[in-house]
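Anchor point for the sequence shown: position 153 equals 164 in our numbering, and the numbering is continuous, going up by one each time. Glycine included, every Cβ here is placed at the ideal spot set by N, Cα and C. Since the structure is predicted, the reported quantities are computational estimates derived from the model, not experimental observations. One structure below.
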Amino acid sequence: MRARVVRVALVAAAVALLLLAVPLAVAVRFTFLADENGELEREAMATVVRVGPDFAAGDPVELPGGRDEVGRGIYDAAGRLRSGAGPATGGDTVREALSGRVAQRQSDGELVVAVPVSSGERVIGAVRASTSARTVWSRVLWGWAALLGLCLLALGAAVVVARRQASVLSSPLEALARTSLAIADGDLTARADRSTIAEIDEVARAHNAMVGRLARLLERERHFTANASHQLRTPLTGLQLGLEAALVDPDADARAALAEAAERSRHLDHTIDEVLRLATSGASTPAPASLQPVGDLLEAAERRWHGVLARDGRRLALAGEPAAGQLPVPGRSTDQILDVLLDNAHRHGAGTVTVSLRDLGGALALDVADEGSAVLDARAIFERGTGTGSGIGLALARELAGAAGARLTLSGTAPTRFTLLLPLDGDA
12 MRARVVRVAL VAAAVALLLL AVPLAVAVRF TFLADENGEL EREAMATVVR
62 VGPDFAAGDP VELPGGRDEV GRGIYDAAGR LRSGAGPATG GDTVREALSG
112 RVAQRQSDGE LVVAVPVSSG ERVIGAVRAS TSARTVWSRV LWGWAALLGL
162 CLLALGAAVV VARRQASVLS SPLEALARTS LAIADGDLTA RADRSTIAEI
212 DEVARAHNAM VGRLARLLER ERHFTANASH QLRTPLTGLQ LGLEAALVDP
262 DADARAALAE AAERSRHLDH TIDEVLRLAT SGASTPAPAS LQPVGDLLEA
312 AERRWHGVLA RDGRRLALAG EPAAGQLPVP GRSTDQILDV LLDNAHRHGA
362 GTVTVSLRDL GGALALDVAD EGSAVLDARA IFERGTGTGS GIGLALAREL
412 AGAAGARLTL SGTAPTRFTL LLPLDGDA
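Laid out in structure tokens, this is it:
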């Protein structure tokens, strides 16, 4: 692009200089010739004033001094040289002057001017002044050389300006190309910088907006994959263990095992629906959710997690106001958040896990606590990739809470306690 801009600028400058230089060259030639003719005419007039009225009777004339390169001659009415330098007969220039007009001609390599000499309103002779045309053309050529030098100087300045402008125009585009290559290599944080050119800035803004949307889409896809993997792992493990236990134990109640497997399958289906809903709606836009009594959700969570904690010698306890258990909350979102909090207490906590319910009037407070201690602060613990585990669960739980219009916080660190605030009137 730089070479193209410079080439276009040079062509434009060359055309402009050509259109300007040709008329100027013609004007220089005309001006120098006109000036020389004017000088010759003045030399001739200075001689005319020295010719007296007795010239026609043969009175000699003394020529005044003048430039050495100018030849002057006085001719009588018959066109014959009487005094000075010049051809014996004046020729066409002198004949034209004898008719009463100032004559200017260029012939035989000379510039010639003839001025009539009058006496009593009668032309009695003519003064012829001449100089070599080579002298005039030398001055013309020097003028043309100076004009050419100015044109070359202007063309050089045009090259410098064109290269600078090419750099100004191409640098933002080259930077935009480098940014695009960085994005193609996987750096989705790369953004095009602003420049001093409005049109390129508009392209950069559109490019940055496109990359931002692509980055959000890719991040959402990555989060969906990680969320689905995290949320499906524990229910699938429980379903598999339950079926394997029923197969190994000959005295197991097959109907009860199938009922438990069916319940876990429904929970898996709800998990998939909730993760998909979060992926399509985003955490910043609360999506409609079905309402269920919170007590039913707690009982289902106890059935899923009681055996898991019991195998590690730990206990799961439910506490709360009986009347609060009938209050409706976003069912699937609350169910998934409870699974994340109970899984976190199982993996990273200690001792008894307590799930308590409190009615705050306009909202429900659902506390999940254990007897361990949180090692991260309240802000870092909800960031993806932090902690000793996968770093997904608590971040996902907060996103699910935001999508449901709820709020999840770390309300205690020794012992660890998480609090989920669920709105009852539609306001977070």
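Sequence-distant residues of the same chain with beta carbon closer than 6 Å to residue i, five excluded per side
| i | result |
| --- | --- |
| W148 | none |
| R369 | A376 |
| I211 | P183 |
| A294 | Low per-residue confidence applies at A294: pLDDT is 44, beneath 50, and the placement is therefore not dependable, though the value from the model is reported in the following sentence. For A294, where only same-chain residues beyond five positions count, the Cβ hits under 6 Å are E410, G413 and A414. |
| S7 | One cannot answer for residue 7 here, as it falls past the ends of the chain, which runs 12 to 439. |
| G383 | G360, A361 and T427 |
| H317 | L327 |
| N355 | G404 |
| A55 | V124, V126, V138 and A140 |
| Q303 | G342 |
Burial state of residue i, where buried means 16 or more other Cβ atoms lie within 10 Å
| i | result |
| --- | --- |
| D79 | exposed |
| L352 | buried |
| D346 | buried |
| T296 | Confidence at T296 is low in this model, with a pLDDT of 48, below 50, so its placement is unreliable and the value that follows should be read with caution. It is exposed - the Cβ of T296 has fewer than 16 other Cβ atoms within 10 Å. |
| L419 | buried |
| T427 | buried |
| F41 | exposed |
| R275 | buried |
| Q251 | exposed |
| T207 | exposed |
| V171 | exposed |
| E47 | buried |
| L30 | exposed |
| V259 | exposed |
| R18 | exposed |
| V26 | exposed |
| V37 | exposed |
Three-way DSSP call (helix, strand, coil) for residue i in this model
| i | result |
| --- | --- |
| S344 | helix |
| G84 | strand |
| S301 | coil |
| L435 | coil |
| I208 | coil |
| V2 | Since the first residue of the chain shown is 12 and the last is 439, residue 2 is not available in this structure. |
| R112 | coil |
| S384 | coil |
| A215 | helix |
| T296 | For T296, the predicted structure reports a pLDDT of 48, less than 50, and the residue's modelled location is therefore unreliable. A value from the coordinates is still provided. It is coil, neither helix nor strand. |
| D260 | coil |
| D354 | helix |
| T142 | strand |
| T420 | strand |
| T200 | coil |
| L377 | strand |
| E121 | strand |
| L158 | helix |
| V60 | coil |
| T427 | strand |
| G360 | coil |
| G331 | strand |
| D370 | strand |
| A165 | helix |
| L92 | strand |
| G306 | helix |
| R325 | coil |
| A27 | helix |
| A137 | strand |
| P98 | coil |
| R277 | helix |
7 Å CB neighbourhood of residue i in its chain, flanking five on each side removed
| i | result |
| --- | --- |
| R106 | G90 |
| Y86 | L92, R93, G101, V105, G136, A137 and R139 |
| A169 | A20, L21 and A24 |
| G306 | G336 and Q337 |
| L431 | I348, L377, A412, A417 and L419 |
| L435 | L338, G373, A374 and L375 |
| L59 | Note that residue 59 is Val in the sequence shown, not Leu. Answer for V59: V126, V128 and V138, listed in chain order. |
Same chain, Cβ closer than 8 Å to residue i, five either side skipped, listed in chain order
| i | result |
| --- | --- |
| E332 | L368, R369 and D370 |
| L159 | A32 |
| F43 | V147, R150, V151 and G154 |
| L308 | V340, G342, T345, D346 and L349 |
| R61 | V72, E73, L74 and P75 |
| A425 | S384 and A385 |
* Do the region 149 to 158 and the region 171 to 188 meet, that is, are 3 or more Cβ pairs less than 8 Å apart? -> Here the region 149 to 158 does not lie against the region 171 to 188, with fewer than 3 beta-carbon pairs under 8 Å apart.
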